[in-house]
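The structure appears right after this line, and notes come after that.
In full-length UniProt numbering, the protein residues as written are 1 to 181.
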C-alpha cells in the first residue's frame with residue numbers, strides 16, 4: 001500500500017491519473033522548469049508518461065513520488081519524492097517541484113521535512129542527497145533550512161535547452177551518522 005503522509009497543512013499522497021492536468025500545468029511552465037533539468041512540457045502525454053515513470057520506479061523500489069495537496073482546499077501543489085533510491089547503500093536523492101502559486105508559503109519546507117523523516121525512519125536511509133542549479137537560490141535556501149550541507153559542484157552535470165550546467169550537490173546524513181568517519 002502506498003504510504004500517505006500528513007503535515008499541518010499538506011497531504012502527501014499517491015499521484016493519480018486525475019492529477020495529470022495539474023502536473024502538466026506545473027511542468028509546462030518555464031519558471032518551474034528553468035532549474036529542473038528539462039524543457040517545459042508541451043503536451044499532456046508528457047505528464048502521463050512521467051506518472052508512468054513514477055509508478056514504475058515505485059513498483060521496482062527505485063523511488064517514490066508523492067502528490068502534494070493542500071489539505072484545506074484540495075489544491076494540487078506539486079510533487080515530491082525520492083529517486084535514485086539504493087536500498088543496499090541506504091541512500092536516495094530527493095526532488096520536488098511546486099506550482100508558483102504556492103511558492104514562498106512554506107509548503108516546500110513542510111513537505112521536504114516530512115519526506116526526510118519518512119526517508120530516515122521508514123526507508124532506513126543513511127544519506128539523502130539533492131542536486132540543484134547554482135542559479136536556483138530558492139531551492140538552495142530550502143535545502144539549507146532543512147539541514148542539507150553543500151558538498152561541492154558537479155561540473156557540467158546537466159544539459160537543458162542545449163546548454164550545459166554545473167550543479168551543486170547537497171547532502172543530509174541520518175543524525176546518528178553525524179561525526180562518524
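Heads up, the beta-carbon is just placed ideally off N, CA and C, and yes, glycines get one too.
Please go through the same chain and pick out, in chain order, the residues whose beta-carbon is closer than 7 Å to the beta-carbon of residue i, but skip the five residues on each side of it.
i, result
"residue 33", "27, 39 and 40"
"residue 108", "96, 98 and 142"
"residue 59", "none"
In three-state terms, what does DSSP make of residue i?
i, result
"residue 117", "helix"
"residue 150", "strand"
"residue 4", "coil"
"residue 165", "strand"
"residue 183", "Any question about residue 183 goes unanswered here, given that the chain covers just 1 to 181."
"residue 36", "coil"
"residue 109", "helix"
Within the continuous alpha helix (DSSP H) that includes residue i, where are the two ends?
i, result
"residue 140", "137-145"
"residue 26", "20-27"
Provide the residue(s) that pair with residue i in DSSP beta bridges, ordered along the chain.
i, result
"residue 186", "An answer regarding residue 186 cannot be provided, because it is not within the stretch 1 to 181 covered by the chain."
"residue 67", "13 and 79"
"residue 61", "None; residue 61 has no bridge partner."
"residue 87", "Looking at the DSSP assignment, residue 87 forms no beta bridge with any residue, so it has no partner."
"residue 159", "164"
From what residue to what residue does the beta strand (DSSP E) around residue i run?
i, result
"residue 91", "91-98"
Sorted by chain position, which residues of the same chain lie with C-beta nearer than 8 Å to residue i's C-beta, five sequence neighbours on each side aside?
i, result
"residue 81", "54, 63, 64, 65, 66, 94, 95, 96 and 115"
"residue 110", "7, 8, 9 and 10"
"residue 119", "82, 92, 94, 125 and 128"
Using a Cβ-Cβ cutoff of less than 6 Å, which residues in the same chain neighbour residue i once the five nearest sequence positions on both sides are dropped?
i, result
"residue 172", "128, 147 and 148"
contact_flag[the region 5-22, the region 40-56] where n(CB pairs < 8 Å) is 3 or more: yes
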